[in-house]
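Asker: Got a structure here, written out as structure tokens. Questions coming.
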Amino acid sequence: MDTSLRIALCDSSVGDRKQTERLLSRESDRRRNTTGVFYVDVFGTAGSILSTNMIYDVYILDATEPESDSVYIANALRNKGVTTPILFCISTIDYSSSPNIPDNSLFINKPLIVNELSNTIDRIIEIKKKNYTPKIELRNNSETFYLEQDEIVYIHGNKYDSDIHLKNGTVKKVIMTPQKLWFEICSFPAFFAISTSTIVNIHHIECISFMHVVMPDKHKYHIKLNYIKPLKRKVRCYESV
Numbered sequence: 058m059d060t061s062l063r064i065a066l067c068d069s070s071v072g073d074r075k076q077t078e079r080l081l082s083r084e085s086d087r088r089r090n091t092t093g094v095f096y097v098d099v100f101g102t103a104g105s106i107l108s109t110n111m112i113y114d115v116y117i118l119d120a121t122e123p124e125s126d127s128v129y130i131a132n133a134l135r136n137k138g139v140t141t142p143i144l145f146c147i148s149t150i151d152y153s154s155s156p157n158i159p160d161n162s163l164f165i166n167k168p169l170i171v172n173e174l175s176n177t178i179d180r181i182i183e184i185k186k187k188n189y190t191p192k193i194e195l196r197n198n199s200e201t202f203y204l205e206q207d208e209i210v211y212i213h214g215n216k217y218d219s220d221i222h223l224k225n226g227t228v229k230k231v232i233m234t235p236q237k238l239w240f241e242i243c244s245f246p247a248f249f250a251i252s253t254s255t256i257v258n259i260h261h262i263e264c265i266s267f268m269h270v271v272m273p274d275k276h277k278y279h280i281k282l283n284y285i286k287p288l289k290r291k292v293r294c295y296e297s298v
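Per the working numbering, residue 58 is the first one in the sequence shown, and the count goes up by one each step.
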């Protein structure tokens, strides 16, 4: 897997922000031929970092505004569904003593020391390796969202848009046809296009009857005759694992 890091850095102090960025750049250069380089995006306020739709491998925070400090940003990120590590930089505020620190948080003291930063980066890479699950990035008119393969039960659509039926019972609409969606997700082994309008997750199929696939919500979807045997074969391979 790719162990390079996408890093979001948010610091209220312009000087500290530039110094941290320089240290990360040097650390990235040292790791170029080993664990991989860093890609760093820099933010100065809570509003700027929370408005981006990019999901980062780690968020480095030292925002000190009273109503939108690092703890506020961290919890807002968790509420958006971000689960990756958050690294709090302790300077004027000792975040480690806050009762509202979200899970998967790390701490480092300022001024940053090269060896401590390097060790912390090692921990973050190990967390990335341990928790790595490929995600599918999808968009509609109002949001960008990320789904794991098993969260998607099936997709059904028309020549204008598609409904993505999720494991939790909700439905997400995207302005993309099932055919175009297929090219986004075909590398994920659980998906099978049973027609030009329907893609199913073989992990969630209720049953395969003649010319139809029944999903957990009891909806039946037509399957092309020549697709039945390949689908059954794929399901058998999954069940035998």
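Where is the CB? At the ideal position from N, CA and C, for every residue including glycine.
Nearest-angstrom Cα distance between P156 and I280?
Answerer: Their backbone Cα atoms lie some 54 Å apart in a straight line.
Asker: Anyone know if the C-beta pair for P159 and N188 falls short of 8 Å?
Answerer: no
Asker: Would you report the Cα separation of T8 and F145, rounded to the nearest angstrom?
Answerer: Lying outside 58 to 298, the shown extent of the chain, residue 8 is not represented and no answer is given.
Asker: In its own chain, which residues sit with a C-beta less than 7 Å from the C-beta of T190, not counting the 5 before and 5 after it?
Answerer: Correct list, in chain order: E205.
Asker: Roughly how many angstroms lie between the CA atoms of I170 and D126, to the nearest whole one?
Answerer: 23 Å
Asker: Tell me the DSSP secondary structure of D86 in three-state form.
Answerer: Residue state, collapsed to three classes: helix.
Asker: Should R87 go down as buried or exposed, given a rule of 16 or more other Cβ atoms within 10 Å for buried?
Answerer: exposed
Asker: Report yes or no: do the stretch 172-180 and the stretch 228-235 share at least 3 C-beta pairs separated by less than 8 Å?
Answerer: no
Asker: Less than 7 Å separating the Cβ of K289 from some heavy atom of the ligand ATP?
Answerer: Looking at this structure, you won't find the ligand ATP or any other ligand, since it has none at all.
Asker: For N166 and N197, what's the separation of their Cα atoms in angstroms?
Answerer: 40 Å
Asker: Could you pull out every residue in the same chain whose Cβ sits closer than 6 Å to the Cβ of T255, ignoring the five residues on either side in sequence?
Answerer: So the list reads H213, Y278, once near-sequence residues are dropped.
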